[in-house]
Structures are given as structure tokens and as C-alpha cells.
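In my numbering, the protein residues as written are 569 to 1004. Here's the structure we're looking at; comments come further down.
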Ligand SMILES: Cc1cc2nc3c(=O)[nH]c(=O)nc-3n(C[C@H](O)[C@H](O)[C@H](O)COP(=O)(O)OP(=O)(O)OC[C@H]3O[C@@H](n4cnc5c(N)ncnc54)[C@H](O)[C@@H]3O)c2cc1C
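Below, the structure is given as C-alpha cells:
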């Protein structure tokens, strides 16, 4: 066997892969991130809405997200040195979430925020009307498909209020943020190989990882390989021969994000916030050039599109139009362009929409997968988590027998990493949606 030049190979250079490479390199591992794309952040990360919010359905989800918020706030400190390509910016505009019966009027989210010290403000309908004068505050639930004769019809009810989490917002350029992390990893000695597709994952006869083989036939060996392949995570697990060995599976879900101009009466500087509205099944995010990005919260009436990650339609469809029309229910002056712009990309969805950050049954092969459309914000914390897990397991710790914990420095709180186990029971507290 050849002598490995690397201590660890990270498959993927998206935001999570780059962060795993960075934290391993900072611990002294000789790392190589390998990506078939030409640069960092060119996979699904590049089309992320990059929303930074702190409300999830579980306390562990909220804790990780609030810890993650601090890294975006202190971005330059985390990266450590100025990237000549420029630095990504965190726009802290706040995140406003409608209270609905669907989310139990946010009772659990507020309780968990109180427990973690995450500030929030409750807005009653009067305050909501004052702060968002161009909104129609009627309730439109249940969310309907466009061919439903009652599509767009308001009910007798009105929204009961909203909650503003001021410590939140979005990152202006997710690709640049990833390149910033890759730059920091290189400063720490990490290497990146682009335009290189992994076609084989090799193991030793005694069941440990040996290395990877690229499409050009070259072999790269390392005692540690980490699957951070985003929507290709299940493919990579198949290459590693571990499919069927874990209780939680992952698969690629197609997702459309239309971008539309904000209406003239909706002044970005005054009203621009991230919103999440389960009454119309949409989330929105302001963007440069006076645009609004509209994502779907995947209501049951919209068919989920599970796809082959190497063969899916990148054109927007009627799904984008229905998302814009639902948003126009809340914001009636929103124009609905004939030709709608936007992006189509894939979530790597786990069975319970909570990621898998874990080891695997193949010694030396690790998993940071199933990010389910909601882990961009957590990338810096996920990088630390994985580096801690890999270092501990390589030093002989049995994480399956005795799940590790990790200290969240900003929150001064420990989290149990067993929460992210590949062999957990499906988490019934999850929203089973992009909200995690
Ligand atoms: C439309 C959209 C909106 C989103 N909005 C948000 C949001 O607002 N907030 C939030 O927190 N999260 C959001 N997410 C989720 C978030 O963006 C992802 O969780 C995150 O970007 C995943 O990063 P990653 O590094 O795991 O994957 P990726 O960025 O997909 O990186 C995986 C990399 O692996 C490479 N790769 C795969 N197979 C191979 C192979 N065989 N050989 C070599 N390289 C390979 C790919 O080329 C790719 O670059 C969104 C996602 C999407 C798609």
C-alpha cells in the first residue's frame, strides 16, 4: 500500500465540507478537500438562501443555530485573516415568524428561546399591522394547490400575531462565504483539489477506509475520509459500501426559489426582514437589487420531488409561480412577472430533516450529511463538531457505545452528539420540513 500523503480526505468543498476541512486542519490534520466542481461553494451551497435563524423544532437544533449565529456575527474573527477574494457579509435584519395553528403559535419555539437566552419580541396583530402596513393579515390556510378552486381565498380568521427574533438575517453571498472558509483552511495548511470526481472509495481487507479513486484513475490514500457530498451523500455511501447499514437515510429533494422585485410600497430599508409564514407555506428573504427570494415550506398539497442528483430539471416550473402567488396573498402589491427568475437546486434530506453528523460502520469513514435545506447557518459549528468527533474516534473513543458531547463556546453549554446519530430513531419532534 502507498504511503498516505494526507491524514484526512474530505469529499466536497461546499460550506460544510470546507468547514470540516478548516477545523481538521486547525487541529493539525493534513487535509485534502476534493470536489468535482471548479471552486469551493459551487454545489448546492451556491444556491442557498443562506438564512441565519435560531428557531428549530428541537432544543438541540436551536442551540446549534444560536451558537452558529455568533460565528456569522464575528465572521472576520472566525476566518482569521482577510480573504483577497473579499469577505462575505452577514446582514442582521432579523427574522419574523407568523404565529399559526400549524406551529402552535410558536409556544415551543419561544420556550426554547427563553431556555437558551435567545432574545425575541412578540408582536400582537395591532403591532404587526403597524410594522407591516402593506401586508394582508387574513389567514389563507389551509394552503392550496393552484388548481384548487379555492386557491387564494382568505378564511374568516386572521393571523394571531408574530414573533421577531432580531438576532438573525442572511449571508449576502453563500459562495463567497464558502471561499472564505476554504481560504482559512488553506492558511491552516489544508489543500483543495477541484475538477476531480471521486468514482471509487477503497477499503482495506480488514474493513477500514483506504482512500479514494478519481475519475482519471488516480488513487489518493488517507486513514480518514469524510462524506460531505451534499445531495450526493447517498451515492457516496453506496461507493463506500455502507448503504443499508444505518437507520437514517438521505435523498435529494428538488427545490425552487423564485426571485421577484419588491413592490414600490415595500421599502426594503424599512421592512426588509427574513419571514417565515406557515399560513401561506412560504419563507422570504430580502436580496440585493430590491429583490425578494421566496422559498417553500413544503406544504402537503405540493408534491415533493425526489430526484436523481445527476439528472434533474434546473428550470423553474409552475411551482415557482405558485410560491410567488402565495406570497402575494400576504403582500398584495407584489407583482407576478410573466417570466419569473430564480434558482433550482437540491436539499440533501434525511428521514427526519435533521442532519447526520457521525462516524460510520466503516472504520475511518465519517458522515456530515442529510443537511435537509437547513444547515448553511450551522456550517462553522458542524465543522468543529466533526473535527472533535473524528479526532476522538481516531484516538480510540467508541462514539456508538458512549456518545460524545461538545461544548458550545458562545452559549457555554454542552450538546450531546448522539442527537445526530446515523442510528437514532426518527425524531418525532422534527417539523419534517425545511424548518428542521
Ligand atoms: C435552494 C436552497 C436554499 C437553502 N436555504 C438555506 C437557508 O436559507 N439557510 C440554511 O441554513 N440552509 C439553507 N439551505 C441548505 C444549505 O445550503 C445546505 O445545508 C448546505 O449548503 C450544504 O452544504 P454541503 O457542503 O453539505 O453541500 P454542497 O454545497 O452540496 O457540497 C457538496 C459538494 O460535494 C461535491 N461532490 C459530490 N459528489 C462528488 C464526487 N463524487 N466527487 C467529487 N465531489 C463531489 C459537490 O460537487 C459539492 O460541491 C438551502 C439549500 C438549498 C438547495
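Glycine residues also receive a C-beta, built at the ideal position from the N, C-alpha and C atoms.
Item to complete: Using the DSSP secondary-structure output, state which residues sit across from residue 733 in a beta bridge.
Response: Assignment of beta-bridge partners to residue 733 by DSSP yields 663.
Checking 8 Å against the spacing of the C-beta atoms, do residue 783 and residue 603 come in under that value? Going by C-beta atoms, residue 783 is not nearer than 8 Å to residue 603.
Residue 975 lies in the beta strand (DSSP E); which residues open and close that run?
Under the DSSP assignment, residue 975 falls in the beta strand (DSSP E) whose first and last residues are 973-976.
CA-CA distance, residue 839 and residue 661?
If I take the Cα positions, the gap works out to 9 Å.
- Query: How should residue 900 be labelled, buried or exposed, when 16 other C-beta atoms within 10 angstroms of its C-beta is the threshold for buried?
  - Reply: By the Cβ neighbour-count rule, residue 900 is exposed, with fewer than 16 other Cβ atoms within 10 Å of its own.
When 638, 697, 938 and 595 are compared against residue 820, the one with the closest alpha-carbon:
Checked all of 638, 697, 938 and 595; the closest Cα to residue 820 is 938.
Check your understanding: So residue 779 and residue 797 are in contact, right, with Cβ under 8 Å, and what is the actual spacing, rounded?
Key -> Contact between residue 779 and residue 797 does not hold, since their C-beta atoms are separated by about 16 Å, which reaches or exceeds 8 Å.
Please list the segments of the beta strand (DSSP E) lying wholly inside the segment 916-953, counting only runs of 3 or more residues, in order along the chain.
Within the segment 916-953, the complete beta strand (DSSP E) runs of at least 3 residues are 924-927 and 933-937.
Item checked: Residues that DSSP places opposite residue 601 in a beta bridge -> Answer is 578 and 760, bridged to residue 601.
Within 10 Å of its beta-carbon, does residue 904 have 16 or more other beta-carbons around it, so buried, or fewer, so exposed? Classification of residue 904: exposed, given that the 10 Å Cβ count is below 16.
Q. What do you reckon, are the CB atoms on residue 973 and residue 985 nearer than 8 Å?
A. For the 8 Å CB-CB criterion, residue 973 and residue 985 form a contact.
Quiz item: Going straight from the alpha carbon of residue 943 to that of residue 1003, what length do you get?
Solution: Rounded to the nearest angstrom, the two C-alpha atoms are 10 Å apart.
Query - For residue 961 and residue 804, the rounded distance between their alpha carbons - result: Rounded to whole angstroms, residue 804 and residue 961 show a C-alpha spacing of 21 Å.
When every heavy atom of ligand 1 is checked, does at least one fall within less than 7 Å of the C-beta of residue 792?
-> Residue 792 has its Cβ no nearer than 7 Å to any heavy atom of ligand 1.
Rounded C-alpha distance that separates residue 776 from residue 769: For residue 776 and residue 769, the gap between their C-alpha atoms comes out near 11 Å.
Sorted by chain position, which residues of the same chain lie with C-beta nearer than 7 Å to residue 654's C-beta, five sequence neighbours on each side aside?
Closer than 7 Å at Cβ, skipping near neighbours: 744.
**Study point:** Segments assigned alpha helix (DSSP H), at least 4 residues, entirely inside the segment 843-921
**Key:** Within the segment 843-921, the complete alpha helix (DSSP H) runs of at least 4 residues are 886-898.
**Asked** Nearest to residue 757 by CA position, among 597, 991, 951 and 940, is which residue?
**Response** Looking at the Cα atoms, 597 is the closest of the given residues.
| query | Within this structure, are the beta carbons of residue 968 and residue 810 separated by less than 8 Å? | reply | Against a cut-off of 8 Å, the Cβ pair of residue 810 and residue 968 comes out as no contact.
Per DSSP, what are the beta-bridge partners of residue 821 in this structure?
For residue 821, the pairing in a beta bridge is given by DSSP as 874 and 915.
Self-check item: Helix, strand or coil at residue 708 [DSSP, three-state]
Solution: DSSP places residue 708 in the coil class of the three-state scheme, outside both helix and strand.
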